[in-house]
Amino acid sequence: MSFKGRNIISTKDFSRDELLHILDVTAHFKHSKTGYVGSGVHRSQLLSGKQIAILMFEPSTRTQFSFGSAAISQGASHVYCYEQIGTLDQNIMQFHAMGNDAIVLRHRDNFSAQRAVDTVASLVDLVNAPHIPILNAGDSTNEHPTQSLLDLYTIREEKGTIDGLKIALIGDLKNGRTVHSLAYALAQFNVEVYFVSSQELQMPQDRLTELTAMGLKHHLVPIGELRKIMRRVDVGYVTRIQKERFAEDEYAAVKGSYCIDAKMMRSTKNGFLLLHPGPIVDEISRDVYHDPNDIKVAYWRQIKNGLHVREALFSLVLGALQ
Ligand code: NCD
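Written out as C-alpha cells, the structure is:
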C-alpha cells in the first residue's frame, strides 16, 4: 500500500484497509516514546526540506494550526494564505510554482479541492511540472476528510473498535461537511448509524442513496427523539448548525433547536463517547463540555488526535513513511 503522492479529497477514495493504515500510522505518531515512527529517521526530520502551503480561504482554528503544527513537528516549513486573490486555479498554480511540496486547501466552493487536483494535473501534463498532493481541509458543504479521520481515530482508540458500534450523527447533516465524510468512512465498517436531525437539516437524499449503495446500515431519526437515541448508542457525534450556509431569517428559525444537556449525558451507556468537530455554539451545554471529569466527552481529545492524524497524512503523502 503506498500513499506517496495521494490526494486527500474524500473519504470515499479510501478502502477500509487504507483507512485503518492511516489510523495505525496516527497511533505511531501519538504513542511513540522514542520519536521514531516506522523509519530510521527521527520524526522531527521526516519532512526536512519540504514546504507546505496551507490555504485557508474559509475561517479555521483547529484545522489550520494542527496542519501547521504537523508540518513543524516533522521539520517541514509551511506558509499560510488566507485570502484568495484571483481565481482558485491561479492560486494553486502560484503556490505550486513557489516550490511547495503539498497544498492544504479550505475553500467556500463545493468540489474546490478536486478542482485544485485537476489544476495540478494540467500543470503536470502541459509543462511537465512535478505532481504535488492536495489535502482537502473542507470544501464548503461537501467534505472534510481529515476531520473524519481524526474522528474515526478517536472512536477506535477509545472504544477499541469501530465495527459493531451504534453511532448517532446529530445536527446539521445537510450542510455539515464533517458528517458527510464521516458517514462515507463509516460505510466501510460494520456499524449502525442513526442520522438524527430535523427535516430541514437531514442528510441530503443523494448522499443517502450513495451511502445505501456503499452498504451503510442507517436509520433516519427525527430530532425530537434525541433523548431516546442518546440512551441507545455507543457514540454521539454532534455538529453545530452551519450558520454561514443560511440566510439570516432561515438561521433564526432553526437556531437552538437541539442541545445535549447533562441529563441526557447521565442517561447514556457506560463507555458512551460524545464527539464534536468544533466549534461548539449552543448544541452542547457548557456544563457538559467543560466538565474535565466527564470521560464521556471526547471533544478535547479529538483536538489532540487531529494533530497526529495530520502528521500521519503529511508523512504518508510526501513519501516519508509507507
Ligand atoms: C468543522 C468544519 O470546518 O467543517 N470544523 C473543523 O474543521 N474542526 C465543523 C464546523 O465548522 O462546524
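392 is the number of the first residue of the sequence shown in our numbering; add one for each residue after it. Every residue gets a Cβ at the ideal spot worked out from N, C-alpha and C, and that includes glycine. Fair warning: this is a prediction, and the values are worked out from it, not measured in the lab.
Run through DSSP, which three-state label would residue i get?
i: L386; result: The question about residue 386 has no answer here: the residues shown for the chain are numbered 392 through 713.
i: I558; result: strand
i: K403; result: helix
i: L342; result: Since the first residue of the chain shown is 392 and the last is 713, residue 342 is not available in this structure.
i: A711; result: coil
i: V688; result: strand
i: V612; result: strand
i: Q442; result: strand
i: I671; result: coil
Which residues mark the beginning and the end of the alpha helix (DSSP H) in which residue i is found?
i: I463; result: R453 to S464
i: R397; result: Taken as a continuous stretch (DSSP letters only), R397 belongs to no alpha helix (DSSP H), as it is neither H nor E.
i: D678; result: R677 to Y680
What are the boundary residues of the beta strand (DSSP E) that residue i is part of?
i: H469; result: S468 to C472
i: L665; result: L664 to L666
*Under 7 Å from any heavy atom of the ligand NCD, by CB: list those residues in chain order, please.*
Near the ligand NCD, meaning a beta-carbon closer than 7 Å to one of its heavy atoms, we find S451, R453, T454, G529, H535, Q538, G567, R568, T569, T630, R631, Q633, P668, G669 and P670.
*Every unbroken alpha helix (DSSP H) within the stretch 478-535, with a cutoff of 4 residues, ordered by chain*: The qualifying runs are 479-488 and 503-518.
_At 4 residues or longer, what runs of the alpha helix (DSSP H) sit wholly inside the stretch 563-599?_
Contiguous alpha helix (DSSP H) elements confined to the stretch 563-599 occur at 568-577, taking only those with 4 or more residues.
*Check whether the stretch 420-427 touches the stretch 471-479, taking contact to mean three or more Cβ pairs, one atom from each stretch, closer than 8 Å.*
The stretch 420-427 makes no contact with the stretch 471-479, as fewer than three CB pairs between them are under 8 Å.
*With a floor of 3 residues, list each beta strand (DSSP E) that falls wholly inside the stretch 622-655, ordered by position along the chain.*
As far as the stretch 622-655 is concerned, its whole beta strand (DSSP E) runs of at least 3 residues are 626-629.
*Would the stretch 694-713 and the stretch 539-554 be scored as touching if the rule is three or more Cβ pairs under 8 Å?*
The stretch 694-713 is in contact with the stretch 539-554.
*Would you call the stretch 508-526 and the stretch 546-558 touching, i.e. three or more CB-CB distances under 8 Å?*
As far as the Cβ criterion goes, the stretch 508-526 does not touch the stretch 546-558, which means the pair count is below three.
*If you pair each beta-carbon of the stretch 441-458 with each one of the stretch 577-584, do three or more pairs fall below 8 Å?*
Not touching, per the Cβ criterion.
*Spell out a yes or no on whether the stretch 640-647 and the stretch 661-669 are touching, meaning 3 or more CB-CB pairs, one atom from each, closer than 8 Å.*
Pairwise C-beta distances place the stretch 640-647 out of contact with the stretch 661-669, as fewer than three of them are shorter than 8 Å.
*Could you tell me whether the stretch 398-416 touches the stretch 685-695, where touching means 3 or more Cβ pairs closer than 8 Å?*
Result no; under three Cβ-Cβ pairs closer than 8 Å.
*Are there three or more Cβ pairs, one per stretch, closer than 8 Å when the stretch 670-688 is compared with the stretch 433-445?*
Per the Cβ contact rule, the stretch 670-688 is not in contact with the stretch 433-445 (fewer than 3 Cβ pairs under 8 Å).
*Counting Cβ pairs closer than 8 Å, one from the stretch 623-636 and one from the stretch 562-578, do we hit at least three?*
Yes, since at least three Cβ pairs between the stretch 623-636 and the stretch 562-578 fall closer than 8 Å, the two stretches touch.
_Stretch-stretch touch, CB-based, cutoff 8 Å, three pairs: the stretch 468-475 with the stretch 440-451_ = Counting Cβ pairs under 8 Å, three or more are found: they touch.
*Hey, is the stretch 488-495 in contact with the stretch 506-525, meaning 3+ C-beta pairs nearer than 8 Å?*
Between the stretch 488-495 and the stretch 506-525 there are three or more C-beta pairs closer than 8 Å, enough to call the two in contact.
*Three or more C-beta pairs below 8 Å linking the stretch 565-575 and the stretch 591-601*: Output reads yes: the stretch 591-601 touches the stretch 565-575.
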